[in-house]
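With this note's numbering, letter number 72 in the sequence shown gets 113, and the count goes up by one each step, no holes. Glycine included, each C-beta is placed from N, C-alpha and C at the ideal position. Have a look at the structure below, then the notes.
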Amino acid sequence: MMLILSPRLPSRSRLFLSPSLPTSPPPPPLPPSPSPTSSSGGQQAAMASPARIDVDKLSVEQLKALKEQTDLEVNLLQDSLSKIRTAATRLENATAALHELSLRPQGKKLLVPLTASLYVPGTLDDAEKVLVDVGTGYYIEKTMTQGKEYCERKVNLLKSNFDELLEMATKKKSIADEMGMFLQAKLRQASPSSSS
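In structure tokens form, the structure reads like this:
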């Protein structure tokens, strides 16, 4: 029996690598929310660039709706960042496990994880071949070196995606903060007129 690194056991007894990546790419971010601007172009600027709105002309309810939408987008981006970080960590752990296994001799006695808390005894049969989970239930047999390269490529891809999403989330967060300030200012302007 060979060491299997996956919650699912393949029918073949080979070393198996599964970084538990999502089987599909993360959902695309929502369309950009309107960016606050107080240009004098007003509606013409909004028509020319749908991402720009003169927030001074929006009502409190409209500002609240825009703020909620922007906050939702920020939350979705932060959730995607968390998932990417988790997947990258699993891939890095898988790379470390592959490196450790490549140093072990054939016939080495091991404990094979079936679940997070259930292990069964096993024997390392051939550490030069690994099965790589490429998603949607497909596995590709690779050499140990190819398995490590696969993990490193995926980690680099996830890190570049992480950087792009982080930049986008930072911009959305600043837009949400600006919307919040505009909303507070509108509420302060509206409160004296409502009391008199």
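What are the start and end residues of the alpha helix (DSSP H) that includes residue i?
i, result
"residue 117", "101–143"
Could you check the C-alpha separation between residue i and residue j for me, to the nearest Å?
i, j, result
"residue 194", "residue 187", "10 angstroms"
"residue 208", "residue 215", "11 angstroms"
"residue 142", "residue 129", "20 angstroms"
"residue 230", "residue 111", "23 angstroms"
"residue 123", "residue 116", "10 angstroms"
"residue 72", "residue 182", "Legend: pLDDT at residue 72 = 43, less than 50; position of this residue unreliable, value from coordinates given subsequently. Their backbone Cα atoms lie some 40 angstroms apart in a straight line."
"residue 139", "residue 145", "10 angstroms"
"residue 152", "residue 159", "9 angstroms"
"residue 228", "residue 218", "15 angstroms"
"residue 65", "residue 171", "Since pLDDT at residue 65 reaches only 42, below the 50 mark, its modelled position is unreliable, and no value is offered."
"residue 232", "residue 226", "10 angstroms"
"residue 161", "residue 105", "56 angstroms"
"residue 247", "residue 98", "With the chain covering 42 to 237 only, the question about residue 247 has no answer from this structure."
"residue 121", "residue 210", "10 angstroms"
So who's on the other strand from residue i, going by DSSP bridges?
i, result
"residue 150", "164"
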